[in-house]
Every structure is written in structure tokens, then in C-alpha cells.
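All residue numbers for the sequence shown refer to the numbering used here, where the first residue is 182 and numbers rise by one. Beta carbons are placed, not taken as given, at the ideal position from N, Cα and C, and that holds for glycine. It should be emphasised that the depicted structure is a prediction, and the values quoted were computed from it without experimental measurement. What follows is one structure encoded as C-alpha cells, with my remarks underneath.
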Amino acid sequence: MLSHEKILHCCRICGAYCDDFFPWGENGYLPSYEYCQCCDVEFGVQDFYEDEAFEYRVAWLKKGGHWAQKNDCPQNWDIREQLENIMPAENAKQLLEKYCPYTSCSVPRSTG
């Protein structure tokens with residue numbers, strides 16, 4: 182998992198990282214109400230409450246965890262690595278195994 186400072190640059194749903202953007206402001210409390218280029222969540226709406234964020238994450242994964250803005254998807258993107266930006270590796274692994282079967286995920290992910 183990333184440091185607290187770096188997590189402020191991540192989407193709370195999918196873990197997408199952006200160097201020059203704070204989805205929830207520099208302090209982590211003021212949402213931008215913009216959309217994540219990966220999972221398409223509106224910051225401050227579907228990710229405001231933890232249970233709603235989890236439901237949105239699961240729905241996104243069940244659809245295959247694809248990037249909403251396909252042109253912005255990083256080369257050699259790894260969905261598990263990205264989720265590990267916002268949660269422990271074991272949690273990311275379990276989430277993917279349960280909700281995003283290998284055959285439906287956007288790219289292969291490591292199995293370790």
C-alpha cells in the first residue's frame with residue numbers, strides 16, 4: 182500500500198494514481214466531483230461512504246474492471262497492482278478472485 186501522502190492521489194474505488202491530481206483534495210476531505218478515468222466514479226458521490234464505495238468497486242470489477250477512458254490506461258497496466266495502492270495485497274487478491282474472474286479482467290495479473 183502507498184504512503185498516506187500518495188494515497189491522496191488515488192481513486193478510493195480502483196486505486197488509479199495520478200501525480201498531479203487529488204480526487205479528494207490535498208487534505209483528503211474535499212472531493213473534486215470529477216470522474217475517475219479508470220472506474221468512472223464521481224469523486225464525492227459514489228465514494229463518499231465506505232459501504233457505497235465497496236458496492237461501486239464490486240460492480241466495476243464484475244463488469245471486468247476495465248478503464249472507462251481506454252486511451253488513459255497505462256501500458257502494461259495491472260489491475261491487482263493498482264488496487265494495492267488502496268488496500269493490502271491479500272485483500273486485493275481476494276477481491277479479484279471473488280468478483281473479477283481472470284477471464285473477464287482487462288489484463289492478466291500475476292498469481293503470486
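Exercise for review: Could you tell me if GLY293 is buried or exposed, where buried requires 16 or more neighbouring beta carbons within 10 angstroms of its beta carbon?
Suggested key: Confidence at GLY293 is low in this model, with a pLDDT of 44, below 50, so the placement of that residue should be treated as unreliable; the coordinate-derived value is given next. Exposed: under 16 other Cβ atoms inside 10 Å.
Practice item. Buried or exposed for VAL226, please, with buried defined as at least 16 other CB atoms from any protein chain shown within 10 angstroms of its CB. Key: By the 10 Å Cβ count, VAL226 comes out exposed.
Check your understanding: Should CYS220 and PRO204 be called a contact, given that it needs their Cβ atoms to be closer than 8 angstroms?
Key -> no
Practice item. Could you please give the first and the last residue of the uninterrupted alpha helix (DSSP H) stretch that includes LYS279? Key: Where LYS279 is concerned, the enclosing alpha helix (DSSP H) stretches over 270–280.
Exercise for review: Determine the DSSP secondary structure at GLU223, reduced to helix, strand or coil.
Suggested key: Residue state, collapsed to three classes: strand.
Review point. Does the distance from the CB of GLU265 to the CB of MET182 come in under 8 angstroms?
Key: yes
Review point. For TYR237, which three-state DSSP category applies?
Key: helix
Check your understanding: Who are TYR210's beta bridge partners in DSSP?
Key -> DSSP, once it has assigned bridges, lists no residue as partnering TYR210.
**Study point:** Length of the line joining the Cα atoms of TYR280 and GLN218
**Key:** 21 angstroms
**Study point:** Same chain only: Cβ atoms within 8 angstroms of TYR237, ignoring 5 sequence neighbours per side
**Key:** ILE194, CYS220, VAL222, GLN227 and ASP228.
**Study point:** Host alpha helix (DSSP H) of GLU186 (start-end)
**Key:** 185–188
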